[in-house]
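Numbering-wise (the working numbering), the sequence shown opens with residue 3 and increments by one.
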Amino acid sequence: MELLSTSDTDLEKAASALAAGLLVAFPTETVYGLGADAFNRSALARIFEAKGRPRFDPLIIHIAALETLWIIADESLLDKITAKRLSILSERLWPGPLTLILPKRKEVPDLATSALATAAIRFPSHPVAQKLIRLSTGAVAAPSANLFGRLSPTRASHVKAQLGDKVDYIIDGGKTQVGVESTVLDLSRGVPRVLRQGGTDMEKIEALIGPVEVSCSPPSDAPLSPGQLKSHYAPRTPLVLCKSGGMDAIPFAPGEGRLYFSQPECGEIITERARVLSETGNVTEAAANLFDCLHELDNLSLEFIRAEEAPCCGLGEAINDRLRRAVH
Ligand code: TXA
Ligand code: MG
Numbered sequence: 003m004e005l006l007s008t009s010d011t012d013l014e015k016a017a018s019a020l021a022a023g024l025l026v027a028f029p030t031e032t033v034y035g036l037g038a039d040a041f042n043r044s045a046l047a048r049i050f051e052a053k054g055r056p057r058f059d060p061l062i063i064h065i066a067a068l069e070t071l072w073i074i075a076d077e078s079l080l081d082k083i084t085a086k087r088l089s090i091l092s093e094r095l096w097p098g099p100l101t102l103i104l105p106k107r108k109e110v111p112d113l114a115t116s117a118l119a120t121a122a123i124r125f126p127s128h129p130v131a132q133k134l135i136r137l138s139t140g141a142v143a144a145p146s147a148n149l150f151g152r153l154s155p156t157r158a159s160h161v162k163a164q165l166g167d168k169v170d171y172i173i174d175g176g177k178t179q180v181g182v183e184s185t186v187l188d189l190s191r192g193v194p195r196v197l198r199q200g201g202t203d204m205e206k207i208e209a210l211i212g213p214v215e216v217s218c219s220p221p222s223d224a225p226l227s228p229g230q231l232k233s234h235y236a237p238r239t240p241l242v243l244c245k246s247g248g249m250d251a252i253p254f255a256p257g258e259g260r261l262y263f264s265q266p267e268c269g270e271i272i273t274e275r276a277r278v279l280s281e282t283g284n285v286t287e288a289a290a291n292l293f294d295c296l297h298e299l300d301n302l303s304l305e306f307i308r309a310e311e312a313p314c315c316g317l318g319e320a321i322n323d324r325l326r327r328a329v330h
């Protein structure tokens with residue numbers, strides 16, 4: 003594995019590697035992605051191997067130009083209302099942390115979509131991601147660059163620690179800004195449905211296209227979206243979840259680590275083993291720090307981590323979703 007910078011020379015090197023079928027981890031505004039050319043079957047197969055990811059878990063295909071959408075999605079299968087919703091959302095919320103599920107073209111390899119009739123497509127806003135995608139083949143399949151089920155990476159060092167030599171290159175673009183994965187919105191069947199809460203909050207989506215359903219838990223048969231699995235995004239250290247403000251009254255146990263949402267009322271509790279997501283209780287800032295703080299606490303060899311829920315507004319929903327799935 004070689005670590006690269008975000009210089010033009012390094013990005014060109016990474017883009018050629020992608021086009022040649024190698025794996026490149028790169029920063030996006032949400033979390034780091036583990037990229038492969040979306041049309042190269044052996045590179046796609048290596049993604050599943052490197053992550054230990056089951057083949058039934060489809061990948062997101064990243065694009066960096068709106069026209070590329072039609073290499074992946076099949077326009078002829080969109081009804082009028084879906085086409086309208088897509089045009090509004092892609093115009094207003096792309097590039098950004100929103101993934102859209104659309105009927106796919108048959109040329110898209112089954113490995114990228116787990117043989118579903120749909121594909122997940124995202125246009126990231128991170129300039130490094132955009133440049134890399136444009137310089138390579140224009141369509142890059144990339145799950146989060148972590149081992150399956152584990153914490154998502156918000157820094158190049160997290161990718162290195164989990165995937166190391168299983169990837170060819172890691173581009174170090176510093177800490178990611180949004181900090182939680184993209185919101186996954188299914189536009190492929192009737193009423194739009196959020197399959198994963200994430201970096202774009204629902205209010206924003208509903209203000210543009212009207213009511214959407216939320217279905218972030220799996221149906222009783224096969225999961226629609228494995229990010230819906232009950233245990234996912236988990237640290238190795240066991241995690242216990244408390245209601246907002248619920249930790250203040252509980253004495254700090256030996257071997258306990260704490261993840262506060264905001265600065266606790268009772269003042270100076272802060273030890274080596276505690277982290278605060280946002281001093282001022284800002285949900286956007288808290289989301290940006292969530293995986294970073296969990297990675298830090300997870301590296302302290304603690305017996306358990308006690309974490310506090312975020313308020314249910316804006317990105318607070320995405321934070322709570324990740325925390326619930328981190329309990330195992
Ligand atoms: O922010 C993000 O979305 C990051 C960065 C790297 O872009 N990527 C990411 O990918 O989180 P991943 O693979 O960890 O999560 C993709 C989610 C999974 O829960 C997957 O099941 C779902 O999207 N998904 C992909 N294709 C789908 C499809 N056709 N139908 C339903 N869900 C799908
Ligand atoms: Mg993931």
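Glycine is no exception: its CB is placed at the ideal position from the N, C-alpha and C atoms.
task = Consult DSSP for His128 and reduce its assignment to one of helix, strand or coil.
result = Here His128 sits in coil by DSSP.
| Where does Asp250 fall in DSSP's three states? | Looking at Asp250 - three-state DSSP - the assignment turns out to be coil, as it is neither helix nor strand.
If you follow the beta strand (DSSP E) that His64 is part of, which residue opens it and which one closes it? Where His64 is concerned, the enclosing beta strand (DSSP E) starts and stops at 62-65.
(Q) Quick test of the definition: if touching needs 3 or more C-beta pairs under 8 Å, does the stretch 140-153 touch the stretch 270-290? (A) Using a C-beta cut-off of 8 Å, the stretch 140-153 makes no contact with the stretch 270-290, since fewer than three inter-stretch Cβ pairs fall below that distance.
In chain order, what residues of the same chain have a beta carbon less than 6 Å from the beta carbon of Phe125, not counting five sequence neighbours either side? The residues Ile65, Trp96, Pro97, in chain order, have a CB closer than 6 Å to that of Phe125 in the same chain once the five nearest residues on each side in sequence are set aside.
Endpoints, alpha helix (DSSP H) assigned at Asp12: Asp12 -> alpha helix (DSSP H) spans 10-21.
Handout entry: Heavy atom of the ligand MG within 7 Å of Pro29 beta-carbon
Key = The closest heavy atom of the ligand MG lies 7 Å or more from the beta carbon of Pro29.
Item to complete: Taking Arg324 as the reference, give the member of Leu304, Gly35, Ser303, Asp294 with the closest Cα.
Response: Per the Cα distances, Asp294.
* Assumed close pair Val180, Arg198 - CB separation to whole angstroms, cut-off 8 Å -> With 8 Å as the limit, Val180 and Arg198 do not qualify as a contact, their Cβ atoms being about 14 Å apart.
Can you tell me the Cα-Cα spacing of Arg308 and Glu109, whole angstroms?
-> When the Cα atoms are used, Arg308 and Glu109 turn out to be separated by approximately 47 Å.
task: Could you tell me the distance, in whole angstroms, from the CA atom of Ala38 to the CA atom of Gly247?
output: C-alpha separation (whole angstroms): 43 Å.
From Leu13, Ala16, Gly201, Ile103, pick the residue whose C-alpha is nearest to that of Glu31; which is it?
-> That would be Gly201, whose Cα lies nearest to the Cα of Glu31.
**Asked** Is the Cβ-Cβ distance between Ala236 and Arg260 less than 8 Å?
**Response** No, the Cβ-Cβ distance between Ala236 and Arg260 is not below 8 Å.
Please confirm whether any heavy atom of the ligand MG lies closer than 7 Å to the CB of Asn301. When distances are taken from the beta-carbon of Asn301 to the heavy atoms of the ligand MG, even the shortest one reaches 7 Å or more.
Q) Measuring CA to CA, which of Pro129, Ser92, Asp76 is closest to Ala121? A) Checking every option, the nearest Cα to that of Ala121 belongs to Asp76.
Might you give, ordered along the chain, the residues of its own chain that have their beta carbon closer than 8 Å to the beta carbon of Asp223, omitting 5 neighbours on each side? No answer about Asp223 holds up, because its pLDDT of 48 lies below 50 and its placement is not dependable.
I think Val193 touches Met3, with their Cβ atoms under 8 Å apart; what is that distance to the nearest whole Å?
Wrong, their Cβ atoms sit about 44 Å apart, outside the cutoff.
Notebook entry, point to check: Any contact of the stretch 51-70 with the stretch 135-149, i.e. 3+ C-beta pairs under 8 Å?
Noted result: Yes, the stretch 51-70 is in contact with the stretch 135-149.
Q | Start-to-end residues for the beta strand (DSSP E) that takes in Leu243 | A | Counting along the chain, the unbroken beta strand (DSSP E) around Leu243 starts and ends at 241-244.
Would you please state the rounded distance, in angstroms, between the beta carbons of Leu91 and Leu102? I believe it to be under 8 Å. Contact holds; Cβ gap of about 7 Å.
Worksheet item: Ends of the beta strand (DSSP E) at Ala276?
Response: First-last of the beta strand (DSSP E) with Ala276: 276-278.
On the CB-based measure, 16 or more other CB atoms within 10 Å of its CB, does Leu68 come out buried or exposed?
Taking all protein chains shown into account, Leu68 has fewer than 16 neighbouring C-beta atoms within 10 Å of its C-beta and is therefore exposed.
Rounded Cβ spacing between Ser184 and Leu100 (contact assumed at less than 8 Å):
Between Ser184 and Leu100 a beta carbon distance of about 6 Å is seen, short of the 8 Å cut, so the two are scored as contacting.
Quick check on Lys86: buried or exposed, where buried means 16 or more other Cβ atoms within 10 Å of its Cβ? Per the 10 Å Cβ criterion, exposed.
Taking the Cβ atom as the reference point for each residue, do Phe28 and Ala131 lie within a distance shorter than 8 Å?
Going by C-beta atoms, Phe28 is nearer than 8 Å to Ala131.
task: Identify whether Ser222 lies in helix, strand or coil by the three-state DSSP scheme.
output: With a pLDDT of only 49 at Ser222, under the threshold of 50, the placement of this residue in the model should not be trusted, and no figure is reported.
Exercise for the section: Would you check whether the ligand MG has a heavy atom nearer than 7 Å to the C-beta of Ser190? Expected result: Between the ligand MG and the CB of Ser190, the shortest heavy atom gap is not smaller than 7 Å.
* Ignore the nearest five residues each way along the sequence and tell me which others in Thr70's own chain have a CB closer than 8 Å to its CB. => Within the same chain, and ignoring the five residues on either side of Thr70 in sequence, the residues whose Cβ sits closer than 8 Å to its Cβ are Gly140, Ala141.
When you compare the CB positions of Asp174 and Leu13, do they come within less than 8 Å of one another, or not?
No. Outside cutoff.
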